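Residue 91 in numbering that gives the first Met the number 0 sits at position 92 of the sequence shown, with consecutive numbering throughout.
Using N, Cα and C, we set each Cβ at its ideal position, and we do this for glycine too.
All figures in this text were calculated on a predicted structure; none of them were measured in a lab.
A quick write-up on the structure given underneath.
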Amino acid sequence: MPDRLIATPPVFRFAPSPNGHLHLGHALSALINQDMARAAHGRLLLRIEDIDTVRCRPEFEVAILEDLAWLGFAFETPVRRQSEHTADYQAALGALKARGLVYPAFMSRSEIRAHVAAAEAKGSPWPRDPDGSPLYPPMDRDIDPAEAAKRIERGDRHVWRLDMAQAIAQVTTPLAFEETGDGEKGSLILDPTVWGDVMLWRWDAPSSYHLSVVVDDALQGVTHVVRGLDLFAATPLHRLLQTLLGLPAPIYHHHRLLTDNLGRKLSKSEGDTGLSELRASGLSPVDIRRRISLA
Ligand code: GLU
Numbered sequence: 000m001p002d003r004l005i006a007t008p009p010v011f012r013f014a015p016s017p018n019g020h021l022h023l024g025h026a027l028s029a030l031i032n033q034d035m036a037r038a039a040h041g042r043l044l045l046r047i048e049d050i051d052t053v054r055c056r057p058e059f060e061v062a063i064l065e066d067l068a069w070l071g072f073a074f075e076t077p078v079r080r081q082s083e084h085t086a087d088y089q090a091a092l093g094a095l096k097a098r099g100l101v102y103p104a105f106m107s108r109s110e111i112r113a114h115v116a117a118a119e120a121k122g123s124p125w126p127r128d129p130d131g132s133p134l135y136p137p138m139d140r141d142i143d144p145a146e147a148a149k150r151i152e153r154g155d156r157h158v159w160r161l162d163m164a165q166a167i168a169q170v171t172t173p174l175a176f177e178e179t180g181d182g183e184k185g186s187l188i189l190d191p192t193v194w195g196d197v198m199l200w201r202w203d204a205p206s207s208y209h210l211s212v213v214v215d216d217a218l219q220g221v222t223h224v225v226r227g228l229d230l231f232a233a234t235p236l237h238r239l240l241q242t243l244l245g246l247p248a249p250i251y252h253h254h255r256l257l258t259d260n261l262g263r264k265l266s267k268s269e270g271d272t273g274l275s276e277l278r279a280s281g282l283s284p285v286d287i288r289r290r291i292s293l294a
């Protein structure tokens, strides 16, 4: 008898960071995820991205869960909380270390700033990543591994950075991804080198957003990443990390962003768009959908 093919449902995820309260922009993202998951007969998972232990707080997580429950979400449990899975990110970093694709970087933020300012004073602008941060100056890449090990041993503060040139040299297939969102669409091939030697492991928090997001999407079997257009530029970097770590590529959908009346992206501190404030003012979940132009 031929094996019967069992179709596995698509998996979507909403992945807020508990570093503030949810606002209308988060509601838009969560609800677009819900609509797309329902249309595809898929599952929608919640993931709490609390890897940044400096900025994330348990009371924000409680508030996020309350706001989502009020909006009508009921997520599968247990919810994945990144802070409980550092071993997974450590393993991914270890795999990159074993292949010589990351290096310990010792320059502090102020040393980087001073280096960039000195270079720019000579006349040419220093390259910036898509978030506007200066690319990491390459000197630490050349520190002798024995010397670097000695510095780590004596407790010098360091982070781990991707050696972008080495990483790109290892990739033999185009870093394509399928994009179905509100910006550029289709099968896209974009250049991850614009991020330079990106930080993958912080000194003040385990892992980094870029590393943990690709590890989690793979471990949770996420097939569709639906998130705001502000993360579109990070996607080629995520495709590079997925390729280096042998992880599958989800389909991406980067949706429109909500802006305030000055055209700025909504931020977590904006009271008048906060979901709990809107709820307290008597709005219903249906009103919220209407406010953000979702049918
Ligand atoms: N945790 C991120 C945020 O709150 C979202 C990350 C993602 O969807 O990839 O902006």
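Query, Result
"How close, in whole Å, do the beta carbons of Gly-180 and Leu-228 come, if the pair is a contact with beta carbons under 8 Å?", "7 Å"
"Going by beta carbon distance, what residues of the same chain come within less than 7 Å of Val-212, once the five residues before and after it are set aside?", "His-237"
"Out of curiosity, what's the CA-to-CA distance linking Pro-124 and Trp-202?", "28 Å"
"When you compare the stretch 102-110 with the stretch 67-85, are there three or more beta-carbon pairs, one atom per stretch, that lie closer than 8 Å?", "no"
"Out of Asn-32, Leu-187, Trp-159, which has the shortest C-alpha to C-alpha gap to Phe-231?", "Leu-187"
"Around the ligand GLU, which residues pass a check of Cβ closer than 6 Å to any of its heavy atoms?", "Ala-14, Pro-15, Ser-16, Glu-48, Val-212, Arg-226, Leu-230"
"So, helix, strand or coil for Lys-184, using DSSP?", "coil"
"Between Leu-43 and Val-78, is the Cβ-Cβ spacing less than 7 Å?", "no"
"What number of angstroms, rounded off, separates the C-alpha of Met-138 from the C-alpha of Leu-174?", "27 Å"
"Whose C-alpha, out of Gly-182, Leu-92, His-114, Arg-150, is nearest the C-alpha of Asp-162?", "Leu-92"
"Where Arg-153 and Asp-143 are concerned, what is the direct C-alpha to C-alpha distance, given to the nearest angstrom?", "16 Å"
"Anyone know if the C-beta pair for Val-170 and Thr-242 falls short of 7 Å?", "yes"
"Ala-29 to Arg-290, Cα distance in whole Å?", "14 Å"
"Taking Leu-95 as the reference, give the member of His-223, Trp-200, Val-224, Gly-262 with the closest Cα.", "Trp-200"
"Are the beta-carbon atoms of Glu-48 and Ala-26 separated by less than 7 Å?", "no"
"Rounded to whole angstroms, what's the CA-CA distance from Asp-259 to Ala-147? Just pull it up for me.", "47 Å"
"With respect to the alpha helix (DSSP H) encompassing Leu-45, which residues constitute its N-terminal and C-terminal limits?", "Unbroken run through Leu-45 is the beta strand (DSSP E), 42-47; no alpha helix (DSSP H)."
"From Lys-264, Leu-218, Arg-56, Leu-261, pick the residue whose C-alpha is nearest to that of Phe-11; which is it?", "Leu-218"
"Residues in the same chain with beta-carbon distance under 8 Å from Leu-274, minus the five sequence neighbours each way, listed in chain order, please.", "His-20, Leu-21, His-22, Leu-23, His-25, Ala-26, Asp-66, Trp-69, Leu-70, Ile-287"
"Taking Pro-235 and Leu-189 to be in contact with their CB atoms under 8 Å, please state how far apart those CB atoms are, rounded to whole angstroms.", "4 Å"
"At which residue ranges does the stretch 4-77 contain complete alpha helix (DSSP H) runs of 4 or more residues, listed in the order of the chain?", "23-38, 57-70"
"Measure how close the beta-carbons of Leu-240 and His-209 come, nearest whole angstrom, since I'm counting them as under 8 Å.", "6 Å"
"Is Pro-133 closer than 7 Å to Arg-140 when the C-beta atoms are compared?", "no"
"Smallest Cα separation from Met-35: which of Asn-18, Cys-55, Tyr-251?", "Tyr-251"
"May I ask you to report which of helix, strand or coil DSSP gives Pro-133?", "strand"
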